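Here the working numbering runs 1 ahead of the position in the sequence shown, where the first position is 1. Ideal Cβ placement from N, Cα and C applies to all residues, glycine included. All values derive from a computational prediction rather than experimental measurement.
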Amino acid sequence: MNAIQQARNVERLVQGQATSDGAGVKLTRVLTQDLQQRLDPFLMLDAFGTDNPGDYIGGFPDHPHRGFETVTYMLQGRLRHKDSAGNEGVLAPGGVQWMTAGRGVIHSEMPEQQDGAMEGFQLWLNLPARDKMHAPWYRDITSPEVPEWQGNGALVRVIAGHAQGMAGAVQRDGTEPLFLDIHLQPDARFEQALPDSHNAFLYVYRGDMVLVGATAVRRQRMAILANTPGSDGVVLTAGPAGARLILVAGRPLREPIAQYGPFVMNTREELVQAVEDFNAGRLA
Ligand code: MN
C-alpha cells in the first residue's frame, strides 16, 4: 500500500435534508443544489433507507432525464427499472445501475417488493458539455461483478475508478469518477489516493463514526474533503463500532451548470430546448 504523505482534512460537515421525490418516496438529499459548484462534477446524492413500505412503495414512475448520468447503488431491497430505449432490469442488493441519460431517456424506477427494507443511494454525475447530447447508454452491474479488495480490517467495493491497484466496475474519461463502498471493522484504517484537484466527499451510513484527521464524521453525515494543494489522498479510521461509508471523488468540469428538475445542461436556452423536446415526445 502506498502510504499517503499529505492527507486531506474535512472542510465541512453536511447533514442531509429530509425530502420526498418520485411518487412520495421518502429520502435524504445529502448533496443539494447549493453544493453543485463545490462538488463539481457531482450534482446530487440521495440516500434512501427504510423498512416501512409506505415510504417507498410509490417508487419513481416514468420521468425524463437529459444531460448527465445517474448511478444507483442498492444496499437492501430490489428496484425494477424500464426505459424508453427498451432496457429493463432489476437492481438487487450490492448491485449498481449506471445510466447515461445523454440527449434523453424516459424511465421508471419501481420497487420490486411489497414489504421489507429498501436502502441505497442515487448519485448524479454531470457530463461534459461535449457529451450531453450523446446517445443514452446504460449498464446493470450485479453484486458479484463489483470488484472487492480486502485487507487490514477493510473491505472495499470498487464501483468506479481505482483503489488498491484494482479497476472498478466502471471507468469514465472526463470526470474520472471514483465511487467506493468501504466497510471498516472497529478501529480499522484505510487510505485512498486522491488527486488534489479532484472534488471529494464521503458519507457514513453505518456504525458510529469515521475519523478523518481530527474530525469525527458521524453516521448520516457527509464530509466534504478539502482540496489541499499538494495533498495526495485521504486516511480513514473507523471508530470502535466500525463503520460503512461511501467515498466519492471526481475531476471537476468547470463548466456552467443549468438545472431544471431532471434536466442538467450548460445554459438556460438548452433547458428550454429540453422541456420542448420532452413535451414534443422527442425524449422517448
Ligand atoms: Mn430517474
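Quick one: Cα of residue 190 to Cα of residue 285, how far?
As a first step, residue 190 must be located in the sequence shown, where it is residue number 189. As a first step, residue 285 must be located in the sequence shown, where it is residue number 284. Distance between the alpha carbons of residue 190 and residue 285 is about 47 angstroms.
Hey, is residue 71 close to the ligand MN, as in C-beta under 7 angstroms from one of its heavy atoms?
Locating residue 71 in the sequence shown gives position 70, counting from the first residue. Under cutoff, so the answer is yes.
Given this structure, state the Cα-to-Cα distance separating residue 9 from residue 233, to the nearest angstrom.
In the sequence shown, the residue the question calls residue 9 occupies position 8. In the sequence shown, the residue the question calls residue 233 occupies position 232. Roughly 8 angstroms between the two C-alpha positions.
Going by other Cβ atoms of all chains shown within 10 Å of its Cβ, with 16 needed for buried, is residue 73 buried or exposed?
In the sequence shown, counting from the first residue as 1, residue 73 sits at position 72. Residue 73 comes out buried.
Indicate whether residue 258 and residue 37 have their beta-carbon atoms separated by less than 8 angstroms.
Your numbering for residue 258 matches position 257 in the sequence shown. Your numbering for residue 37 matches position 36 in the sequence shown. Yes; because the gap between Cβ atoms is below 8 angstroms, this pair is in contact.
Label residue 68 either buried or exposed according to how many other C-beta atoms from any shown protein chain fall within 10 Å of its C-beta, with 16 as the threshold for buried.
Residue mapping note: residue 68 aligns to position 67 of the sequence shown, counting from 1. When all chains shown are included, residue 68 counts as buried.
Quick one: is the Cβ of residue 264 within less than 7 angstroms of any heavy atom of the ligand MN?
Locating residue 264 in the sequence shown gives position 263, counting from the first residue. Checking the Cβ of residue 264 against the ligand MN gives no.
Between the alpha carbons of residue 202 and residue 40, how many angstroms are there, rounded?
Position 201 of the sequence shown holds residue 202. Position 39 of the sequence shown holds residue 40. Answer to the nearest angstrom: the Cα atoms are 8 angstroms apart.
Name the DSSP beta bridge partners of residue 260, please?
Here the question's residue 260 lines up with position 259 in the sequence shown. Per DSSP, 265.
Can you tell which of 131, 16, 31 has its C-alpha closest to the C-alpha of residue 175?
Position 174 of the sequence shown, counted from the start, is the residue given in the question as residue 175. The residue with the shortest Cα to Cα distance from residue 175 is 131.
Looking at residue 32 and residue 46, is the spacing between their C-beta atoms short of 8 angstroms?
Here residue 46 refers to the residue found at position 45 of the sequence shown. Here residue 32 refers to the residue found at position 31 of the sequence shown. Result yes, Cβ atoms of residue 46 and residue 32 sit closer than 8 angstroms.
Whole-angstrom C-beta distance between residue 141 and residue 114, which should lie under 8 angstroms:
Counted from its first residue, the sequence shown places residue 114 at position 113. Counted from its first residue, the sequence shown places residue 141 at position 140. That belief does not hold up - the Cβ atoms of residue 114 and residue 141 are roughly 17 angstroms apart, past 8 angstroms.
Residue 103 versus 148, 127, 133, 146, residue with shortest Cα-Cα distance
If you number the sequence shown from 1, residue 103 lands on position 102. Nearest option by C-alpha distance: 133.
Simplified DSSP state of residue 144, which is helix, strand or coil
Here residue 144 refers to the residue found at position 143 of the sequence shown. Looking at residue 144 - three-state DSSP - the assignment turns out to be helix.
DSSP-derived helix/strand/coil call for residue 55
What you label residue 55 is simply residue 54 of the sequence shown in a count that begins at 1. Three-state DSSP puts residue 55 in a helix.
Measuring CA to CA, which of 261, 85, 184, 242 is closest to residue 136?
By one-based count along the sequence shown, residue 136 stands at place 135. The shortest Cα separation from residue 136 among 261, 85, 184, 242 belongs to 85.
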